[in-house]
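In order, the protein sequences belong to chains A and B.
In terms of my numbering, the first sequence opens at residue 1 and continues consecutively.
In terms of my numbering, the second sequence opens at residue 302 and continues consecutively.
Built from N, CA and C at the ideal position, the CB exists for glycine as well.
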Amino acid sequence: MRDYHIHHLKELEQEAIFVMREVAAQFERPVLLFSGGKDSIVMAHVAKKAFHPATIPYPLMHVDTGHNFPEAIEFRDRFVKDLGAELIVASVQESIDKGRVTEETGAYASRNMLQTTTLLDAIEQHKIDAALGGGRRDEEKARAKERFFSHRDEFGQWDPKNQRPELWSLFNGRKKPGEHFRVFPLSNWTEMDVWQYILMEEIDIPKIYFSHKRKVVVRDDMLLAYSDFINLRGDEEIKEMEVRCRTVGDMTCTGVVESKADSLEDIVAEIAASRVTERGGRADDKRSDTAMEDRKKEGYF
Amino acid sequence: MLKYEEMELLRFTTAGSVDDGKSTLIGRLLYDSKSIFEDQLEAIEKSSRRAGGEEVNLALLTDGLKDERAQGITIDVAYRYFSTPKRKFIIADTPGHVQYTRNMVTGASTANLALILVDARHGVVEQTLRHAYIASLLKIPHIALCVNKMDLVDYDQETFERIVEDFKGFATKLDVKDIRFVPISALKGDNVVNRSEKMKWYNGSTLLYLLETIHIAGDYNHVDARLPVQYVVRPQKDEYHDYRGYAGQIAGGIFRVGDEVEILPSGFQSKVKSIDVLGDSLPEAFPPLSVSVQLEDDFDISRGDMLAKPNNKPEASQDIDATVCWFNAKPLQLKKKYYIRHTTNEAKCIVNDVVYKMDVNTLKRNTEDANIAMNDVARVKIRATKPLFFDSYKRNRITGSFILIDEGTNETVAAGMIV
Numbered sequence: 001m002r003d004y005h006i007h008h009l010k011e012l013e014q015e016a017i018f019v020m021r022e023v024a025a026q027f028e029r030p031v032l033l034f035s036g037g038k039d040s041i042v043m044a045h046v047a048k049k050a051f052h053p054a055t056i057p058y059p060l061m062h063v064d065t066g067h068n069f070p071e072a073i074e075f076r077d078r079f080v081k082d083l084g085a086e087l088i089v090a091s092v093q094e095s096i097d098k099g100r101v102t103e104e105t106g107a108y109a110s111r112n113m114l115q116t117t118t119l120l121d122a123i124e125q126h127k128i129d130a131a132l133g134g135g136r137r138d139e140e141k142a143r144a145k146e147r148f149f150s151h152r153d154e155f156g157q158w159d160p161k162n163q164r165p166e167l168w169s170l171f172n173g174r175k176k177p178g179e180h181f182r183v184f185p186l187s188n189w190t191e192m193d194v195w196q197y198i199l200m201e202e203i204d205i206p207k208i209y210f211s212h213k214r215k216v217v218v219r220d221d222m223l224l225a226y227s228d229f230i231n232l233r234g235d236e237e238i239k240e241m242e243v244r245c246r247t248v249g250d251m252t253c254t255g256v257v258e259s260k261a262d263s264l265e266d267i268v269a270e271i272a273a274s275r276v277t278e279r280g281g282r283a284d285d286k287r288s289d290t291a292m293e294d295r296k297k298e299g300y301f
Numbered sequence: 302m303l304k305y306e307e308m309e310l311l312r313f314t315t316a317g318s319v320d321d322g323k324s325t326l327i328g329r330l331l332y333d334s335k336s337i338f339e340d341q342l343e344a345i346e347k348s349s350r351r352a353g354g355e356e357v358n359l360a361l362l363t364d365g366l367k368d369e370r371a372q373g374i375t376i377d378v379a380y381r382y383f384s385t386p387k388r389k390f391i392i393a394d395t396p397g398h399v400q401y402t403r404n405m406v407t408g409a410s411t412a413n414l415a416l417i418l419v420d421a422r423h424g425v426v427e428q429t430l431r432h433a434y435i436a437s438l439l440k441i442p443h444i445a446l447c448v449n450k451m452d453l454v455d456y457d458q459e460t461f462e463r464i465v466e467d468f469k470g471f472a473t474k475l476d477v478k479d480i481r482f483v484p485i486s487a488l489k490g491d492n493v494v495n496r497s498e499k500m501k502w503y504n505g506s507t508l509l510y511l512l513e514t515i516h517i518a519g520d521y522n523h524v525d526a527r528l529p530v531q532y533v534v535r536p537q538k539d540e541y542h543d544y545r546g547y548a549g550q551i552a553g554g555i556f557r558v559g560d561e562v563e564i565l566p567s568g569f570q571s572k573v574k575s576i577d578v579l580g581d582s583l584p585e586a587f588p589p590l591s592v593s594v595q596l597e598d599d600f601d602i603s604r605g606d607m608l609a610k611p612n613n614k615p616e617a618s619q620d621i622d623a624t625v626c627w628f629n630a631k632p633l634q635l636k637k638k639y640y641i642r643h644t645t646n647e648a649k650c651i652v653n654d655v656v657y658k659m660d661v662n663t664l665k666r667n668t669e670d671a672n673i674a675m676n677d678v679a680r681v682k683i684r685a686t687k688p689l690f691f692d693s694y695k696r697n698r699i700t701g702s703f704i705l706i707d708e709g710t711n712e713t714v715a716a717g718m719i720v
């Protein structure tokens, strides 16, 4: 008898497809959270496979801080158009204008924290009962405790100590009115898996993931992409360097890395040799030891 | 450069208490396989110092929640990832104390292998037996029993062999196909990744080599063809006007194009017309592939139905004998309605009878005690409102498992294995 086995990327893909179909079956108004970053691109790619030849049966939603890499927004619009999907944009700027949140000030000002309110408002407004996110357990220690189907109460809060046990592939999406779920189909993927999968499937990603010349600011051992959204401190200077993004998020808190990697093969090799996690370049995680857990409890991604 | 074509995925579970060296072992596997990153190491060094510790506490790598770090305990299952050029590994790290039986069961449900640690100085203890029992109950196909802290017994061969014999004696009561024994020192690194110079008498594999090479392709059932219908793909496009794809993950056996299939519960028979994945058709599908199957005939098929073969069908019954592990603070109530979720199917059910309660430490069956509370394991009789299509858990871990959900709170209150 032939040896029926599949390699690890295929197995992770099959698991993610199962989770995405489960979402379509168990919920009425799911959305797929899409930022234009690599994890959400992979998630959308897998979703396409899950429902082929039909289109993805839920809209994409972008929580837009307004502080985006322009390349990521261009990519987002093109990607959504090719997919033939509906895009909902939930804008942090609108939340600020409506007085739902207050803009932070100072050198470390970021709209990262504000996204939570915008996200929860959008979930309420569109009566969303499940939001698929690209979060992975290897990213961060609080995420390591996350379920595939993660329950949120009527305030959008996560209660990490009282989570539903999750066994086999039996996902319990039962909820009361007003509650919702966050679903993480890529839970078991690592950063390396994501890149190898992008390479294997030849998935198109924004150019900023590849090496390019960019103005940067060195701050707290990190390189921040310089933009109008960065408030410089007195002694900081702007330099031009050859860099690439390892993650793509809000421009005010996403670090870039010095890199000459200009192909997917080079990126995979670079990550294999890397001694720092991808979130090592995220100022939002550095605010405290439990920054991610604290944000997640309140309803962050 | 790209080696993923040859890499398999192995899921294993570790269970243990604070002092049996479990965290040190995981730390060792991650560290020696270069899966701990500098910023992670720096962060836990900082936390260890803040807590007043001298040495870096590798447990902080897995204990991610604020309360876990403050109390120095593992509350919940934590997942860790590492890989070697041969395999990618997912570790479900669970606390070992009896009050966390439910977490062990959760971690064990998807594992190919259970890694059980024994302190060479203490040998096989109650906790070892509990872990082995849970591994056997959840039908984890492989057990690796690591006799740890060999450095503290002068790497003594007899000590190791005595522990192996003790464990084998107990294991005859269990149903585990494949048990391996490895003498290690997680602290010193003996036989974890590198062969020990101190234990020349040991001819077996190092732990990592074992994890990299143990045969797991046979862990799925490849005999009894089962496809629980998860979702029906119906494109709203003109070119796919008549397309009906029955999507789901193959739960057992092999489906080939042209195969006769029977649809449950209707009993209608048809043939597999095609097995579709994006941009391609497959000649055959096997577990754990997520596929979309088209049939020759047009029937009314929906989520919860199951495709099988006319000459090999699952049992179909409203009455289910099962072993359950109770997960909830609210004890089991006889005759109360719960939801039972089994494959992609759901029904209401009542638990009619507790046949016995299992003492997970002694494996004694208590037929007098019907009080099933959190972390208890019991044999029960369940009656569902409609027939479910199942195999015994021993035969198929996917079609033989279910969860119970509380109608009022929506919490998952129990995990069940069908006898």
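Just checking, does the segment 166-181 of chain A make contact with the segment 706-719 of chain B on the three C-beta pairs under 8 Å criterion?
yes
Could you check the C-alpha separation between TRP189 of chain A and HIS151 of chain A for me, to the nearest Å?
21 Å
Paired residues, beta bridge with SER582 of chain B - DSSP
B:ASP577
By the DSSP assignment, the alpha helix (DSSP H) with GLY546 of chain B in it spans what residues?
From DSSP, GLY546 of chain B is part of no alpha helix (DSSP H) but of the beta strand (DSSP E) over 546-550.
What does a CB cutoff of less than 7 Å around HIS8 of chain A pick up in its chain, not counting 5 residues either side in sequence?
none
Residues of its chain near VAL183 of chain A, where Cβ-Cβ distance is below 6 Å and the 5 sequence neighbours each way are ignored:
VAL23, ALA130, LEU132 and PHE149
Does MET659 of chain B come out as helix, strand or coil in the three-state DSSP assignment?
strand
Spatially closest choice to GLY709 of chain B from A:GLY255, A:GLN196, A:LYS239 and A:LYS175, by CA coordinates:
A:LYS175
Along the segment 227-254 of chain A, what residues have a CB closer than 8 Å to any CB found in chain B?
none
Between GLU240 of chain A and the rest of its own chain, which residues show a CB-CB distance below 8 Å, the 5 nearest in sequence each way excluded?
LYS213, ARG214, LYS215 and VAL216
Under 7 Å between beta-carbons, which chain A residues line up against MET308 of chain B? List them in chain order, please.
HIS7 and HIS8
Run down chain A in chain order and give the residues with a C-beta less than 7 Å from the C-beta of GLU712 of chain B.
ARG164
If ASP193 of chain A sits next to LEU12 of chain A, beta carbons under 8 Å apart, how far is it from one beta carbon to the other, in whole angstroms?
6 Å
Just mark PRO611 of chain B as buried or exposed, buried being the case when its beta carbon has 16 or more other beta carbons within 10 Å.
exposed
Cβ-based burial, VAL46 of chain A [other Cβ within 10 Å; buried from 16]:
buried
Only counting runs of 4 or more residues, tell me where the alpha helix (DSSP H) segments fall wholly within the segment 110-172 of chain A, in order along the chain.
115-125
Just confirm the distance between the C-beta atoms of ASP394 of chain B and ARG403 of chain B, as a whole number of angstroms; I'd bet it's less than 8 Å.
Going by Cβ atoms, the distance from ASP394 of chain B to ARG403 of chain B rounds to 15 Å, so no, they are not a contact pair.
Cut-off 6 Å between Cβ atoms - residues of its own chain near ARG100 of chain A, not counting five sequence neighbours on either side
THR117
Could you tell me whether the Cβ of PRO53 of chain A comes closer than 8 Å to any Cβ of chain B?
yes
Top-ranked residue by Cα proximity to VAL533 of chain B, from B:PHE628, B:GLU585, B:THR645 and B:SER497
B:THR645
When the cut-off is 8 Å and only beta carbons count, does GLN157 of chain A lie next to chain B?
no
So with CB distances below 7 Å, who are the chain B contacts of GLU11 of chain A?
LEU310 and PRO589
Measure how close the beta-carbons of MET43 of chain A and LEU186 of chain A come, nearest whole angstrom, since I'm counting them as under 8 Å.
6 Å
Please list the segments of the beta strand (DSSP E) lying wholly inside the segment 452-499 of chain B, counting only runs of 3 or more residues, in order along the chain.
479-484
So, helix, strand or coil for ASN504 of chain B, using DSSP?
coil
Own chain residues within Cβ distance below 7 Å of ALA617 of chain B, not counting five before or after
LEU565, PRO566, PRO688 and PHE690
At a CB-CB cut-off below 7 Å, which residues of chain B make contact with ALA24 of chain A?
TYR532
Report the residue ranges of all beta strand (DSSP E) runs contained in full by the segment 33-79 of chain A; include only those spanning at least 3 residues, in chain order.
60-64
Closer than 8 Å is the cut-off here; do at least three beta carbon pairs connect the segment 583-593 of chain B with the segment 504-515 of chain B?
no
Under 7 Å by beta carbon: chain B residues contacting LYS357 of chain A
This structure gives no information on residue 357 of chain A, because the portion of chain A shown stretches from 1 to 301.
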